[in-house]
Amino acid sequence: MTGYRPLVFAHRGGADALPEHTLGAYLRALEEGVDGLECDVRLTRDGHLVCVHDRNLSRTSNGRGLVSRRTLAQLDEFNYGSWHPGYPGDEEPSDLSRLLTLERLLEAVRGCGRRVRLLIETKHPSVYGAEVERRLVKMLRRFGLAEPKPDDPVQVTVMSFAALALRRIRAQAPGVPTVYLMELLPPMAGKARLPFGARIAGPSVELIRNRPGLVQAIRAAGHRTYVWTVNEPEDVEMVLRHQVDGVISDRPKFVLDRLAHL
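Have a look at this one:
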């Protein structure tokens, strides 16, 4: 493994230590030295992109109902940290309890003063369909990230389980790298072919475990591999043996510490 070192991404900000998709979690991950961050985005009723994984609010907030049926102001009324064991119990709204918008996350990444890769997953199915990607590309353009430049410290990659979503990104922002996420192995992927618009394979760690030849086949086809969600010691060792290109983890500091001993 001489010279090998994968990128390490904080899944939802490093959801093991702090409440997922909160600004505090992302800032901590950056301080710990991750190469990049991963987030999920959904559209609110009034057209804002917010960093929330589930379509329903009940797991990660004290709210109820669908994200898509509420406005940004309504969503901002809830606490998004108190459910998590790592929540410090702040009574006043803080970076560990407030709803995080993609705009705020991009501002934080832009202002952190170092190179950061940001993986943005668009969640589908969505009642808003193609509007999710349209709004995302519009925001990336506003931040100057829709046409990647090699010397820009912030590099964005878009991910999705929906091949159609990646085609939309390819059509609207052809320079933005895309990851086709896989939980099960689609027929085409068995031969390491990815859907049109996808440039990187994003298999789950369970899929790699069950298909040990997949990473090699993907590499032979000329694609990179980002694996999610790699949390357990045995899974970290497995993906390192496969020499994957990116490790997406709820425990990014644990992965970084392991890489320090390579």
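The numbering of the sequence shown is this note's numbering, which starts it at -11 and goes up by one. Note that beta-carbon positions come from the ideal geometry of N, C-alpha and C, so glycine has one too. Bear in mind that the values here come from a model prediction, so they are computed numbers and not experimental data.
field: Alpha carbon of G234 to alpha carbon of G24, nearest angstrom
entry: Within the sequence shown, residue 234 is the residue found at index 246, counting from 1. Within the sequence shown, residue 24 is the residue found at index 36, counting from 1. Each residue's Cα considered, the two are about 10 Å apart.
task: Rounded to whole angstroms, what's the CA-CA distance from L154 to H249? Just pull it up for me.
output: Within the sequence shown, the letter at position 166 stands for residue 154. Within the sequence shown, the letter at position 261 stands for residue 249. The straight-line gap from Cα to Cα measures roughly 36 Å.
Reference K137; option with closest CA among G163, D34, I157 and V115: Reading the sequence shown from its first residue, position 149 is the one you call residue 137. Ranking the options by Cα distance to K137, first place goes to G163.
- prompt: Near G101, which residues of its chain fall below 7 Å by C-beta distance, leaving aside the five closest residues on each side in sequence?
  reply: As a working note, residue 101 is residue 113 in the sequence shown. Excluding the 5 residues flanking it on each side, G101 has no same chain C-beta neighbour closer than 7 Å.
task: Provide the residue(s) that pair with Y68 in DSSP beta bridges, ordered along the chain.
output: By 1-based counting over the sequence shown, the position of residue 68 is 80. Y68 pairs with nothing; no bridge assigned.
field: Element boundaries [beta strand (DSSP E), containing Y214]
entry: As a working mapping, residue 214 is identified with position 226 in the sequence shown. R212 to V215 is the span of the beta strand (DSSP E), which, as asked, contains Y214.
message: Assess contact between the stretch 70 to 87 and the stretch 7 to 24, defined as three or more Cβ pairs (one per stretch) separated by less than 8 Å. Is contact present?
response: The way I'd put it, the stretch 70 to 87 does touch the stretch 7 to 24; three or more beta-carbon pairs between them come closer than 8 Å.
- request: Could you work out which residue in W71, G185, L128 and E91 is closest to Y168 when comparing CA atoms only?
  value: As a working mapping, residue 168 is identified with position 180 in the sequence shown. The alpha carbon of Y168 has as its nearest neighbour, out of W71, G185, L128 and E91, the alpha carbon of G185.
- request: Please go through the stretch -2 to 22 and give each complete alpha helix (DSSP H) segment of 4 or more residues, from N-terminal end onward.
  value: 11 to 20, all fully within the stretch -2 to 22.
- prompt: Straight-line CA distance for R207 to L106?
  reply: In the sequence shown, the residue the question calls residue 207 occupies position 219. In the sequence shown, the residue the question calls residue 106 occupies position 118. Rounded to the nearest angstrom, the gap between the Cα atoms of R207 and L106 is 22 Å.
- request: Measure the alpha-carbon distance for A205 versus L63 and round it to whole angstroms.
  value: For the purposes of this step, residue 205 is taken as the residue at position 217 of the sequence shown. For the purposes of this step, residue 63 is taken as the residue at position 75 of the sequence shown. Taking the straight line joining both Cα atoms gives about 43 Å.
- request: Go ahead and pull the three-state DSSP assignment for A161.
  value: Reading the sequence shown from its first residue, position 173 is the one you call residue 161. Three-state DSSP puts A161 in coil, outside helix and strand.
field: Contact set for V144: own chain, Cβ-Cβ below 7 Å, skip 5 residues either direction
entry: Residue 144 sits at position 156 when you count from the first residue of the sequence shown. Correct list, in chain order: L106, I108, L128, L133 and V164.
query: Is the stretch 109 to 117 touching the stretch 28 to 44 in the sense that three or more CB pairs, one from each, lie closer than 8 Å?
result: Cβ pair count under 8 Å is three or more, so yes.
- prompt: What residue range is occupied by the uninterrupted alpha helix (DSSP H) comprising A205?
  reply: Taking the first residue of the sequence shown as 1, we reach residue 205 at position 217. Taken as a continuous stretch (DSSP letters only), the alpha helix (DSSP H) holding A205 covers L202 to A208.
query: With distances taken between CB atoms, is the gap from F131 to L172 smaller than 8 Å?
result: As a first step, residue 131 must be located in the sequence shown, where it is residue number 143. As a first step, residue 172 must be located in the sequence shown, where it is residue number 184. Cβ distance not < 8 Å, so F131 and L172 don't count as in contact.
task: With DSSP as the reference, label P221 as helix, strand or coil.
output: As a working note, residue 221 is residue 233 in the sequence shown. In the three-state reduction of the DSSP assignment, P221 falls in the helix class, which pools H, G and I.
message: On the criterion of 16 or more Cβ atoms from any shown chain inside 10 Å, does P76 qualify as buried, or is it exposed?
response: Here residue 76 corresponds to residue number 88 of the sequence shown, with the count starting at 1. Counting Cβ neighbours within 10 Å, P76 comes out exposed, since fewer than 16 surround it.
task: Could you tell me the boundaries of the alpha helix (DSSP H) in which Q62 lies?
output: Here residue 62 is taken as the residue at index 74 of the sequence shown, counted from 1. Residues L60 to L63.
message: Only counting the same chain, and skipping five residues up and downstream in sequence, which positions put a Cβ closer than 8 Å to that of F(-3)?
response: Start at 1 with the first residue of the sequence shown, and residue -3 comes out as number 9. The answer, listed in chain order, is V22, D23, G24, L25, E26, R105, L107, Y214, G234, V235, I236, S237 and P240.
field: Length at least 3, wholly inside the stretch 80 to 141: the beta strand (DSSP E) runs in chain order
entry: Listed in chain order, they are 104 to 110.
- request: Consult DSSP for N198 and reduce its assignment to one of helix, strand or coil.
  value: In the sequence shown, the residue the question calls residue 198 occupies position 210. In the structure shown, N198 falls within a helical segment according to DSSP collapsed to helix, strand and coil.
C-alpha distance - R57 paired with K126, whole-angstrom precision: Taking the sequence shown and counting its residues from 1, one reaches residue 57 at position 69. Taking the sequence shown and counting its residues from 1, one reaches residue 126 at position 138. Cα-Cα distance, rounded: 22 Å.
- request: Please state whether DSSP places V38 in a helix, a strand or coil.
  value: Against the sequence shown, residue 38 aligns to sequence position 50. The three-state reading of DSSP puts V38 in strand, counting E and B together.
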